[in-house]
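*Asks:* Numbered per our numbering, the sequence shown spans residues 5 to 1227.
Think of the CB as a built atom: it goes at the ideal place given N, C-alpha and C, for glycine as much as any other residue.
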Amino acid sequence: MEKEELKMLNKGQEDEMELSGYRPCRWKLALVGVGVLCTGGFLLLLLYWMPEWCVKATCIRTTVRDAQVVLLRSTDEFKRWFRAKVRVMLAPGRNPYISLDSQTTTPMANGHTPHPSNTSADGFMRKYAEYQPVQIRYFTLHSTKYYWNDAIQNFEVLTGLEDLGVRCSTIHLEHSAGLSQNQQEYRRLFFGVNEIAVKVPSLFKLLIKEVLNPFYIFQLFSVILWSADEYYYYAMAIVLMSVISIATSLYTIKKQYVMLHDMVAAHSIVRVSVCRASNDIEEAMSTDLVPGDVMVIPSNGTIMPCDAVLISGTCIVNESMLTGESVPVTKTNLPNPSPAEKGTEDDQVYNIDEHKRHTLFCGTNVIQTRFYSGELVKAVVVRTGFSTAKGQLVRSILYPKPTDFKLYRDAYLFLLCLVGVAGIGFVYSIALSIMNQVPAKTIIIESLDIITITVPPALPAAMTAGIVYAQRRLKRLGIFCISPQRINICGQLNLICFDKTGTLTEDGLDLWGVQRVENGSFHHTEENAYKESLVKSHFVACMATCHSLTKIESQLSGDPLDLKMFEATGWILEEATEEETSLHNRIMPTVVRPPKQLLPEPVMSPEQDMELYELSASYEIGIVRQFPFSSALQRMSVVARLLGEKRMDAYLKGAPEVVASLCKKETVPQDFAEVLEDYTKQGFRVIALAHRRLESKLTWHKVQNINRDHIETNMEFLGLIIMQNKLKAETPGVLEDLKRANIRTVMVTGDNMLTAISVARDCGMIPPQDRVIIADALPPKDGQAARINWRYADNPSKHASKAATLEEVEISVEDSPEERKPMEQYHFAMSGKSFAVITEHFQDLLQKLVLHGTVFARMAPDQKTQLVETLQSVDYFVGMCGDGANDCGALKRAHGGISLSELEASVASPFTSRTPNISCVPNLIREGRAALITSFCVFKFMALYSIIQYISVTLLYYILSNLGDFQFLFIDIAIILLIVFTMSLNSAWNELVSRRPPSGLISGPLLFSVMTQILICLAFQTFAFLLVRQKSWYEPWTPVSDACSTSSHTNLSENFTEIDEHNIKNYENTTLFYVSSFQYLIVAIVFSKGKPFRQPSYKNWPFMLSVLSLYVFLFSIMLFPVPAIDYALEIVCVPFEWRLTIVIIVVVNAAVSVLAEGGLDYCGSKHFSWLCCWQRRVPKARYMHLAQELSVDPDWPPKPKTTTEAKSPSLPENGSYQIMSAS
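So, in structure tokens, the structure goes:
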């Protein structure tokens, strides 16, 4: 039954979870109640921390259908548990999409009776009293409601209109009229209020949540224990430290909540105009919107309160909130297929990702709208609340995935080891106390004391300090961070993916030249198209019209490439004003015309009318319809009409290979492939243009609803525009730095492959002598299996005369390279199409390819994310650097995503750099490495601090003594806190070195270092403890003891009347206090490492000042006693010669510690890795295994002119592919 009743939620998605049903059980609840009373509430805390235990301890298993409580477990690597209470709601129906109006005869259902917008479920049910109310079961988790669905026998999320799988034609036909008031209220029962509600928790709630943290519960236990042992000052100090720590934490959390709340709430509630089913338009609050509502987009723009699809008109939208890209984008209305195409392939199912050029996203700013006479700009609401794009972003911030990093896992293991050590001390102290017949109360308190000593109270604050300092240093470098935990992970990055345009190269492109086609052959290259002879040519008309530029506050705005291309023509763009649009019936929204000086001067006859003369002199083209650029289609097109002409023209621009495939064969020059290859190899960005005269039967209205596939066919090839995309000045230097640091670099771009290879060679990503192997994968076709054709790209240093053409892309590549040298380096290059085929049909080959894959061209945004995931699957720590526009998924998925955006913090990625070039990448890695090493230093220091104090207390327990209240206070506050918060201040080393810091605490060198220092400290403390007992003047100390014969101290002793119950004052205590105090400072210096990841400690002046001050103070009070200080610290007087002996012990201890640590650093991990036998069992990174395997594989890399074919599923025994030589 258990297996049957385990349901899957969000199957195949990022937040996939297993779900099982439970119902409360009375006898279990009673038992838990008794357990809570017996444990003094501790069991309740345990159940609060462990949702799984809580549900299983209080409930019994039942079917998911009948469950009152559900237990969920994430299926990712973290396996997190959640519990949720199942609630019941009453509604007139189960399906929010059914129309209640069509089923009822009551006058209230006609949509004419006004209802308040905040109608409650009960009030709504009263209205529909004739219905049999239906009970709907649901639960809420992470701001998402899951409803029970009888049909699938599982809970599911209602996201919006997409649930219906509606086609584009259906949206226009059935959803464009709007909803009635009743229908809207009925849907609101299911979808709730359209609001991304970020509730800022009250300080009390946050405080309770923070205080119930296991660490603070342990602190509370410690305080009670120390108070019971009469260590009141020390207990107060712990309370004070905890209060400061909690207050800081609360302030930070509250500030983040308020910031997020303000960011979300800024424009989330606006007034909107909604179209009702009765053709009325009414004003409503945006919180009332539900999927299916039709809203009117105001002409002066608005902030979108939901995700909606445009069904009429055009919008200019700034999407920087979502993408970090500040260039406005044009959104056009959703295509409405003709009745003949309905239900065919042309009538696609609406998908928010595929139709994002027609979708207005929540939180984005609609700057202005375009409409035609009498027609409003309307959009159908698709998603609301947390289901929207903005809602999902906010949810990912509110409920982030835990950061899985070895350091944090190892930290818990380390703490467990310390607790284990404490356990030994616990048993030792009990045995010792029993032997000495100590009272039971004292035995319990002192035994538990040992445990509290091993877990340092300042540990969380100490670990956070280094990250906070690193975040501050990054901010000074212009890098903003919204996920501080990732700073440490950035110290491990060993592969960086770079977007090309705007990241490695300049954002803007310069027009290098144009190459027109006349009569099916290329004309010679011209520098520009700004010529009188070309002004009326289709080539220039295409350059002037085929773009998505718009005027915002009389400034041309849009894609930088479009802008450069349009400016090169010298033409003028004019947009119709609102007044003009309302006056004329079929006004062109945008008109372009050449400057007067380029037009030939017409001759005016005497009898010609002045107006007619002006009309004949003008040459204007109106843009009738725009099909925006699609990265999936790699092209854009427009339908335009020349003033005075009846027939319209279609203009197309895009990737040359795509444009050529849409043109008539005879219009594409024979040498197209050679000319294109010549440009792309030189690193030029090439764009092809095409034109077609449209049939006269295509009217303005028909064009508004036609599918782009009918326009973009049978075109005439016009020629090529050659754009120069210059490398940013910093790019080669930064890539060289990364290469020296053994950090792999990969290019992921949407550009042409050979252009990308050329740029990769220019910037040094691919050295001149290295080979580039192009993997051209073809999907299964006509019964043939999927296959990969391997081609060797032409090496720029060798110009081969013979060339073969590549399938589809038609690019010449060198087919017969010289024999490879045994160790010749090679790089794979592939297109997005090939990547998709390899991912699907050559899964086991994919990991081998990414091991040497350097250029990934024509990659779609989701493919960039897939690539990052594939690289992570072979154990690379992946960084991603892009401009944020189409890299959002990859930036968020990478271990360290850095967006080059002007925004201070883009939600698109964990890091945002204000410096618009890749120099931020080495800076981030350097700071990450410094923060990581700081974390190691602090952790090692805190561990040693615990162990040193543990050794002191354990030795003193032997003589039934302990450290004094103020001794503990001085060590914890004056020494530890001061050192911990200043040792984290070392800034990053100036350059990246090839060595990477270890990723976890459980590594050979680190453990060996800690163990060595523990043994040294143990040896010197034990030596001092035993030595003092051997001295001639030694005797068990009493208030009248006089070991140093100083009058001042004798007087103090005589005045001493208090009884020392705890036996604090004795020679052993004084000796160990001095030795241990110096040991804290010694290990702080030894562990505070500098080069090669951090600046040396002597440059960290706060740390040096703290250490020197403490040294001076300790030496002063030891060699020249101050009675008041001795009294406060409960130090007894010892002979001067013993003080000098302690100085010698301390100096020798320091020398041994420094030499031991230096020796370990010098020898390196390889000389003693044999000591950590477990290390042999830990496998190295998967990519290293693969590299070793491939280095001995004679068939790798694949030879030129060979084909790798996917085997049929019936032949799996030797892998899923076989290599064959080309015929």
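1. Who pairs with D653 in a beta bridge, going by DSSP?
2. At which residues does the beta strand (DSSP E) containing Y962 begin and terminate?
3. Could you give the C-beta distance for T749 and I500, rounded to a whole number, given that I count them as a contact under 8 Å?
4. Is the beta carbon of R597 sitting closer than 9 Å to the one on I627?
5. Do you know offhand how far S103's Cα is from Y403's?
6. How many angstroms separate the CA atom of D297 from the CA atom of K732?
7. Would you give the residue range spanned by the beta strand (DSSP E) that K535 belongs to?
8. Span of the alpha helix (DSSP H) holding H714?
9. Does the segment 682-702 come close enough to the segment 466-476 that 3 or more CB-CB pairs lie under 8 Å?
10. What do you reckon, are the CB atoms on G900 and P920 nearer than 9 Å?
11. What residue does the alpha helix (DSSP H) around C279 start on, and which one ends it?
12. One question on the structure: do S917 and L904 come within less than 9 Å of each other, judged by their Cβ atoms?
13. Within the continuous alpha helix (DSSP H) that includes A898, where are the two ends?
14. Taking 8 Å as the cut-off, does the CB of V36 come closer than this to any heavy atom belonging to the ligand NAP?
15. Could you tell me whether the Cβ atoms of L637 and L928 are closer together than 9 Å?
16. With a Cβ-Cβ cutoff of 9 Å, do R1098 and R862 count as a contact?
17. Is the Cβ-Cβ distance between E199 and S272 less than 9 Å?
18. Tell me the DSSP secondary structure of H831 in three-state form.
19. Where do the ends of the beta strand (DSSP E) carrying I455 lie?
20. Could you give the distance in angstroms between the alpha-carbon of C421 and the alpha-carbon of L463?
21. How many whole angstroms separate the CB atoms of P341 and S561, which I take to be in contact at a CB cut-off of 8 Å?
22. So the candidates are H542, H528 and G506; which of them puts its Cα closest to the Cα of P564?
23. So if DSSP puts F159 in a beta bridge, which residue, or which two residues, is it bridged to?
24. Any idea if T252 is buried or exposed, counting beta-carbon neighbours within 10 angstroms, 16 or more meaning buried?
25. Tell me which same chain residues have a C-beta within less than 6 Å of the C-beta of L23, skipping the five on either side of it?
26. Beta-carbon within less than 7 Å of K1170's beta-carbon, same chain only, minus the 5 sequence neighbours each way: which residues are those?
27. If you draw a straight line from the C-alpha of R1181 to the C-alpha of C42, how long is it?
28. DSSP puts F985 in a beta bridge; with which residues?
29. Here's the rule I'm using: 16 or more other beta-carbon atoms within 10 Å means buried, otherwise exposed. How should Y962 be labelled?
30. Quick one: what does DSSP say W57 is sitting in, helix, strand or coil?
31. Go ahead and pull the three-state DSSP assignment for A804.
32. So, using beta-carbon positions, are F1107 and S1120 closer together than 9 Å?
33. Do A781 and F676 have their C-beta atoms within less than 9 Å of each other?
34. Relative to the C-alpha of M21, which candidate in Y150, V38 and K445 has its C-alpha closest?
35. If you draw a straight line from the C-alpha of K802 to the C-alpha of P599, how long is it?
36. Leaving aside the five residues before and after D233 along the sequence, list all residues of the same chain whose C-beta is less than 6 Å from its C-beta, in chain order.
*Replies:* For this structure:
1. Per DSSP, the beta-bridge partners of D653 are A644 and R697.
2. Taken as a continuous stretch (DSSP letters only), Y962 belongs to no beta strand (DSSP E), being part of the alpha helix (DSSP H) at C924 to Y962.
3. Between the beta-carbon of T749 and that of I500 there is about 5 Å, and that keeps the pair under the 8 Å contact cut.
4. Contact flag unset, no.
5. Their backbone Cα atoms lie some 35 Å apart in a straight line.
6. Whole-angstrom Cα-Cα distance: 47 Å.
7. Per DSSP, K535 lies in no beta strand (DSSP E) segment and is marked neither H nor E.
8. In this chain, the alpha helix (DSSP H) harbouring H714 covers R712 to I715.
9. Using a C-beta cut-off of 8 Å, the segment 466-476 makes no contact with the segment 682-702, since fewer than three inter-stretch Cβ pairs fall below that distance.
10. Not a contact, by the Cβ cut-off of 9 Å.
11. For C279, there is no enclosing alpha helix (DSSP H); the residue is part of the beta strand (DSSP E) that begins and ends at R275 to C279.
12. Result yes, Cβ atoms of S917 and L904 sit closer than 9 Å.
13. A898 -> no alpha helix (DSSP H), and no H or E assigned at all.
14. This structure lacks the ligand NAP, and indeed carries no ligand of any kind.
15. No. Outside cutoff.
16. Cβ distance not < 9 Å, so R1098 and R862 don't count as in contact.
17. Yes, they are a contact pair.
18. The three-state reading of DSSP puts H831 in strand, counting E and B together.
19. From DSSP, I455 is part of no beta strand (DSSP E) but of the alpha helix (DSSP H) over A444 to T458.
20. It is roughly 15 Å from the alpha-carbon of C421 to the alpha-carbon of L463.
21. Contact annotation, P341 with S561: C-beta distance approximately 31 Å; criterion of less than 8 Å not satisfied.
22. With distances taken between Cα atoms, P564 lies closest to G506.
23. As computed with DSSP, F159 is found in a beta bridge with W152.
24. It counts as exposed.
25. Close CB contacts of L23 within its chain, under the 6 Å cut and outside five residues either way in sequence, are with K11, L13, V74 and L76 (chain order).
26. Any reading at K1170 must be qualified, since the residue scores a pLDDT of 49, below 50, and its modelled position is unreliable; the value itself is stated next. Within the same chain, K1170 has no close Cβ partners at all.
27. Confidence at R1181 is low in this model, with a pLDDT of 47, below 50, so the placement of that residue should be treated as unreliable; the coordinate-derived value is given next. Roughly 45 Å separates the two Cα atoms.
28. None, per the DSSP bridge assignment.
29. A residue is called buried once 16 or more other Cβ atoms fall within 10 Å of its Cβ, and Y962, having fewer, is exposed.
30. Look at W57 here: in three-state DSSP terms it is helix.
31. Confidence at A804 is low in this model, with a pLDDT of 33, below 50, so the placement of that residue should be treated as unreliable; the coordinate-derived value is given next. Correct three-state label for A804: coil.
32. It is not a contact, given that the beta carbons lie outside the stated cut-off.
33. Not in contact: A781 and F676 (Cβ atoms no closer than 9 Å).
34. Considering only alpha carbons, the answer is Y150.
35. Caution applies to K802, whose pLDDT of 39 falls short of 50 and renders its modelled position unreliable; the model cannot decide the point.
36. Cβ within range, chain order: I449.
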